[in-house]
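Number of protein chains: 2
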Amino acid sequence: MKLTGELLIGQQAIKGSRDPIVAIDPASGERLPTEFQGGSVEDVARACELAGAAFDSYRETASEARAAFLEAIAEEIEAIGEPLIDRAVAESGLPRARIEGERGRTCGQLRLFARVVRDGEWLDVRVDPALPQREPLPRADLRQRHIALGPVAVFGASNFPLAFSVAGGDTASALAAGCPVVVKAHPAHPGTCELVGRAVQAAVARCGLPEGVFSLLHDSGLEVGQALVADPRIKAGGFTGSRKGGLALQQIAQQRPEPIPFYAEMSSTNPVFLLPAALAARGRELGTAFVGSLTLGAGQFCTNPGLVIAVEGPELDAFVEAAATAVEESQPQTMLTPGIHDAYTHGVATLSAHPQVHEVARGVAAEGQPNRCISALFMTRGEALLDDAALQGEIFGAAGLVVACRDAAEVKRVAEALEGQLTATLQMDDADVDAARALLPTLERKAGRIMANGWPTGVEVCDAMVHGGPFPATSDARTTSVGSAAIQRFLRPVCYQNLPDALRPRALEESNPLALSRLVDGQREH
Amino acid sequence: MKLTGELLIGQQAIKGSRDPIVAIDPASGERLPTEFQGGSVEDVARACELAGAAFDSYRETASEARAAFLEAIAEEIEAIGEPLIDRAVAESGLPRARIEGERGRTCGQLRLFARVVRDGEWLDVRVDPALPQREPLPRADLRQRHIALGPVAVFGASNFPLAFSVAGGDTASALAAGCPVVVKAHPAHPGTCELVGRAVQAAVARCGLPEGVFSLLHDSGLEVGQALVADPRIKAGGFTGSRKGGLALQQIAQQRPEPIPFYAEMSSTNPVFLLPAALAARGRELGTAFVGSLTLGAGQFCTNPGLVIAVEGPELDAFVEAAATAVEESQPQTMLTPGIHDAYTHGVATLSAHPQVHEVARGVAAEGQPNRCISALFMTRGEALLDDAALQGEIFGAAGLVVACRDAAEVKRVAEALEGQLTATLQMDDADVDAARALLPTLERKAGRIMANGWPTGVEVCDAMVHGGPFPATSDARTTSVGSAAIQRFLRPVCYQNLPDALRPRALEESNPLALSRLVDGQREH
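Chains as they are written, first to last, in full-length UniProt numbering: chain A, 1 to 526; chain B, 1 to 526.
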């Protein structure tokens, strides 16, 4: 499949009229082939018009048809073959095996949502039959199902050019819910976006769906993204990226004449708590393993463990010593974009210059190669973090800060002072259960996922996953952006009262023709 | 129970330090006994501090204990007996039978949520067991449950001094979710608020719960409400009232350093569509029945049918003629407050003066009695409504606007031009099914509840109810404020990864000791 750099608006491919984007191979700093012309606000309006026109039809597709569409997208992505891997590697600087794994995750995610659509639990069917004889007043026949919110604007992330991008979790869950999707392509991987976008476009055609179900727009500035969130036909947004970018778009979403939900996944330092018995038993081992998680993918994960919190003492010293050795041995890794590399370098320099922060170790230097992440490990004291909230700010990349606390009470105070997080991790042994139990209520209030004896990088796509958490980890702690529950972000309930069966949606027909699980008169029926 | 006019902060009753509120009997315009001193921002902070302190303990109460607490509140409210009815009638001007019915609804609502808490479906338990042998990577043990968001600020409505006030739907669903509640008392019925507040306070004590689970604050200005929504310990808000008030509080909720969900139920004109066959067969009957719904409770319902939309012609004329007769015969009714009466009078005068609006009928005049609602019926043309969005603004009270359209296509255009609504109603016969089907997709996008051949007033408290809808009907169309699904507003998911069984919440323990419905490895287990 040859790249053309065009916008994909419904079934059309159109040359944009604004400044072009050119992708950079961050490993070499060189420009990659193909110019991607930016879209205009007219292109946004056209994509939204098509999405709006497709909505009523698409949201009422039968479960089987919608599930088959999601599976067709996965097949079309797989059918691209090596060119997709080549381009995504070139645009992201990520290792080939990682991108191959991410393709598997992306297609697996689409198939998971196909299963979710078929199961039909997302419809949350509730039936309260009429009670004409009830005193003092009869009860009407009342039935509830969930329907799609409307067309959704999706903003992919730089760090997952497949799994959190054009056909990533936001798109898959929105399409599963019955929402048309308009994607704003990420400027760091426009070619990957086009390839995947064309796969989705082909799946739309193959499944005979209205063309407005999917569009993909490039943007060389901010106009397309802003116009997209502001468009009255867009009824929700999904975003993964920086706190600044997420908040700016969320503000547009809130200040529209009709405000809309905007799901922004933004910023998390993913604290790791080293509990005393675990730290005493395997401090060095934990130090080495921590750096493995810290430096994975150049630290460019939303769930990268940027904070380690423990009580000071020789056990923590052993952890830090082992971690320092591992950091010093860590090789430079290509970061996703020059901009991300600059921000990382700046963040590390700022932390290094902080009077209450001590630099423990740096990774191997880059020797002239561009855009390389040099890992970094810092230490501070619990008091310092309690005094200066800036110390808990996210540095996107492989920089970690160890927070040495005077005692368990200070650990708890530091935990209470944390902002909202995607994850919180407990390194614990059996003897730490009481200490863990004391921290747990705080961590539940702070994080969407709490784990024991693992590392937060690696987010399973499954039913029980929560990739979300209190602000600023996300803009809406009531949801997850990974896993089957992500579909719920794009739904709303509608109640039908006394409608004749001929007019009821199939999911609510008296005979339950779709064999859905239903809550009937307060009792669960299957 | 004697009224003291005090603030209820945890288990304390404290005299407020700010300007007093005095309740007015709107039927006579006279002051009712007892002064209710307004609270200060320090009182807000104290209530929120107690709520924050109670949260971790309260949210982990066993289902049975929490359900018993909800039932205890209902019992304590019932135990107040006639003084509650007397005071609510005096403060609201609503008929005694209506207030008695509302007490039944309020207590029934609390008992419904007790059932919901016991059932445990709200926990949405999901278990993905570990797959240690999986290739290329093993899967961790992942379990999800829902937990409470945190302390909730509740702002009751003037028009339901019991069912949407201190122990109304917002409070009942928040308490059911595990959230402590701080209520800002409605200034129109402070005595009713105190009586019910003391009942909740007594139930907290009787059930041995932490005192911060409930507080009640009076406010003679806006400071208490604003400080309450801004308090960092408050994690969500519930509001029923005017669009202006709801939007102002929502803005505070969004602009906090940590934004929070704010559920505001605000404004709806609840369009009624008269379809051709029904209109031809029973236009006069429908006209009379419409006015019955329009004037019920002086039109002071969120679901009052303020708009009627139909194709012009002799059938619609017959409807209007019958409706006009019914309006002309309608007696003046006491409105809830002098302020609501003033706003109604102003709204009716504005509509009456609109060049595209024709006044059809007025109800019987009030003859010197204060705060009486004189029903009013107006007509306009579809084109006029399409030209001037102001014509679809809500007039709170018994004022209706009939919109005569040229044809079915214009009816559809008017439907598309409507703002978000709580309800939409179809008056239809068998021969109208196709016409109804053509409107249905539009109505689904516009409203939370769609009904056939009923009237929107009367909102059943049940599982299938949706009392919600797209903006500006509410600030969040993904939810309902009435019925069992209202609990979902105050929950968020948390995922637990590889936690030892000793540390897991009971709901997630391996042996499923609470016998909860669970989604295990993608399969529903009961």
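Just so you know, even glycine gets a beta-carbon here, dropped at the ideal spot from N, CA and C.
On a predicted model such as this, the values are computed, not experimentally measured, just so you know.
For residue 42(B), the first and last residue of its enclosing alpha helix (DSSP H)
41-59
Does the beta-carbon of residue 102(B) have 16 or more other beta-carbons within 10 angstroms, so that it is buried, or is it exposed?
buried
Buried or exposed for residue 222(B), please, with buried defined as at least 16 other CB atoms from any protein chain shown within 10 angstroms of its CB.
exposed
DSSP three-state assignment for residue 502(A), whether helix, strand or coil:
coil
Looking at residue 497(B) and residue 142(B), is the spacing between their C-beta atoms short of 7 Å?
yes
Within 7 Å of any Cβ in chain B, is that where the Cβ of residue 247(A) sits?
Residue-level contact by beta carbon fails for residue 247(A) and chain B, as no gap is shorter than 7 Å.
Just curious, the beta strand (DSSP E) that residue 184(A) is in, first and last residue?
181-184
Within chain A, the residues that residue 517(B) reaches when beta carbons sit closer than 9 Å
524
Give a yes or no on whether the minimum CB-CB distance between residue 319(A) and chain B is below 7 Å.
Against chain B, the CB of residue 319(A) has no partner CB under 7 Å away; the residue lies outside that interface.
Range of the contiguous alpha helix (DSSP H) that encloses residue 380(B)
Counting along the chain, residue 380(B) falls outside any alpha helix (DSSP H), though it belongs to the beta strand (DSSP E) covering 376-381.
Coil, strand or helix - residue 286(A) by DSSP:
helix
Alpha-carbon spacing of residue 209(A) relative to residue 391(B), whole angstroms
38 Å
For residue 358(A), list the residues DSSP reports as bridge partners.
379(A)
Roughly how many angstroms lie between the CA atoms of residue 83(A) and residue 50(A), to the nearest whole one?
30 Å
Own chain partners of residue 466(B) with C-beta closer than 6 Å, once the 5 adjacent residues on each side are dropped:
448, 449, 480
Please classify residue 553(A) as buried or exposed, where buried requires at least 16 neighbouring CB atoms within 10 angstroms.
Residue 553(A) falls outside the range modelled here, since chain A spans only 1 to 526, and no answer is possible.
Could you pull out every residue in the same chain whose Cβ sits closer than 7 Å to the Cβ of residue 226(B), ignoring the five residues on either side in sequence?
252
What are the residues in the region 447-459 of chain A lying within 8 Å of chain B by C-beta distance?
447, 448, 449, 450, 451, 452, 453, 454, 458
Can you find a C-beta in chain A that's less than 7 Å from the C-beta of residue 336(B)?
no
If the cut is a Cβ gap below 9 Å, which residues of chain A does residue 147(B) touch?
In chain order: 444, 445.
Interfacial residues, the region 142-168 of chain B to chain A, with Cβ spacing under 8 Å
If the cut-off is 8 Å between Cβ atoms, the region 142-168 of chain B has 142, 143, 144, 147, 149, 150 near chain A.
So what's residue 173(A) in DSSP terms, helix, strand or just coil?
If DSSP states are grouped into helix, strand and coil, residue 173(A) belongs with the helices.
Could you confirm whether any beta carbon from chain B is found closer than 7 Å to the beta carbon of residue 466(A)?
Answer yes: the Cβ-Cβ gap between residue 466(A) and chain B drops below 7 Å somewhere.
Residue 482(A) (DSSP reduced to helix, strand or coil)
coil
Can you tell me which of 358(B), 336(B), 140(B) puts its alpha carbon nearest to the alpha carbon of residue 324(B)?
358(B)
Considering Cα atoms alone, identify which of 148(B), 436(B), 186(B) is closest to residue 219(B).
Out of 148(B), 436(B), 186(B), 186(B) has the C-alpha closest to the C-alpha of residue 219(B).
Closer than 7 Å, CB to CB, is residue 495(A) near chain B or not?
yes
My assumption, with CB atoms under 8 Å, is that residue 340(B) sits in contact with residue 158(B). Please give the rounded CB distance.
7 Å
For chain B, check one thing: does any of its Cβ atoms lie closer than 7 Å to the Cβ of residue 433(A)?
yes
Please list, in chain order, the chain B residues whose beta carbon lies closer than 8 Å to that of residue 139(A).
460, 462
Where does residue 234(A) fall in DSSP's three states?
coil
From the DSSP secondary-structure annotation, give me the bridge partner or partners of residue 8(B).
13(B), 216(B)
If we define contact as Cβ-Cβ less than 7 Å, is residue 259(B) a contact residue for chain A?
Residue 259(B) has a beta carbon lying within less than 7 Å of a beta carbon in chain A.
Does the beta carbon of residue 132(B) come closer than 7 Å to any beta carbon on chain A?
When Cβ-Cβ separations below 7 Å define contact, residue 132(B) makes no contact with chain A.
Outcome for residue 350(A) when other beta-carbon atoms lying within 10 angstroms are tallied against a minimum of 16:
exposed
Can you tell me the Cβ-Cβ gap for residue 52(B) and residue 233(B), rounded? I've got them flagged as a contact below 8 Å.
4 Å
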